[in-house]
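Asker: Residue numbers (the numbering used here): 52 to 138. Glycine included, every Cβ here is placed at the ideal spot set by N, Cα and C.
Structure, rendered in structure tokens:
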């Protein structure tokens, strides 16, 4: 398993736990919008996800545009974390 796949799987588990969602990781597609679409997450969940990412990965997601971009999907959230880690 690649590091990228492991990060995406860990993010799915983190989101499910932080948002107390009745989902499995397999039910969250890597390219599926996280907020405001098929998944049951809303703006309060977005805040919880951002705080959990900061605590676990040390990556702070600030501002409306940055948050929307980072939470567009698991793929974009993983990319946000990888980019911040390499900076």
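1. Residue 72 and residue 91 look like a contact to me (Cβ under 8 Å); what is the Cβ gap, rounded to whole Å?
2. Identify the continuous alpha helix (DSSP H) that holds residue 98 and give its terminal residues.
3. Under a three-way DSSP split, which group does residue 136 fall into?
4. How do the region 112 to 124 and the region 95 to 104 stand: do at least 3 beta-carbon pairs fall below 8 Å, yes or no?
5. Kindly indicate which three-state DSSP category residue 73 falls into: helix, strand or coil?
6. Any idea what DSSP makes of residue 127, helix, strand or coil?
7. Expressed to the nearest angstrom, what Euclidean distance is found between the alpha-carbon atoms of residue 111 and residue 67?
Answerer: By the coordinates alone:
1. Here residue 72 corresponds to residue number 21 of the chain shown, with the count starting at 1. Here residue 91 corresponds to residue number 40 of the chain shown, with the count starting at 1. With a Cβ gap of about 6 Å, residue 72 and residue 91 count as contacting.
2. Stepping through the chain shown from its first residue, residue 98 is reached at position 47. 94 to 108 is the span of the alpha helix (DSSP H), which, as asked, contains residue 98.
3. On the chain shown, residue 136 is found 85 positions in, with the first residue counted as 1. In the three-state scheme derived from DSSP, where H, G and I count as helix and E and B as strand, residue 136 is classed as helix.
4. The count of Cβ pairs closer than 8 Å, one atom from the region 112 to 124 and one from the region 95 to 104, reaches three, so the stretches are in contact.
5. For the purposes of this step, residue 73 is taken as residue 22 along the chain shown, with counting starting at 1. Reduced to three states, the DSSP call for residue 73 is coil.
6. Residue 127 sits at position 76 when you count from the first residue of the chain shown. Here residue 127 sits in helix by DSSP.
7. Working through the chain shown from its first residue, we reach residue 111 at position 60. Working through the chain shown from its first residue, we reach residue 67 at position 16. Cα atoms of residue 111 and residue 67: separation of roughly 19 Å, rounded to the nearest angstrom.
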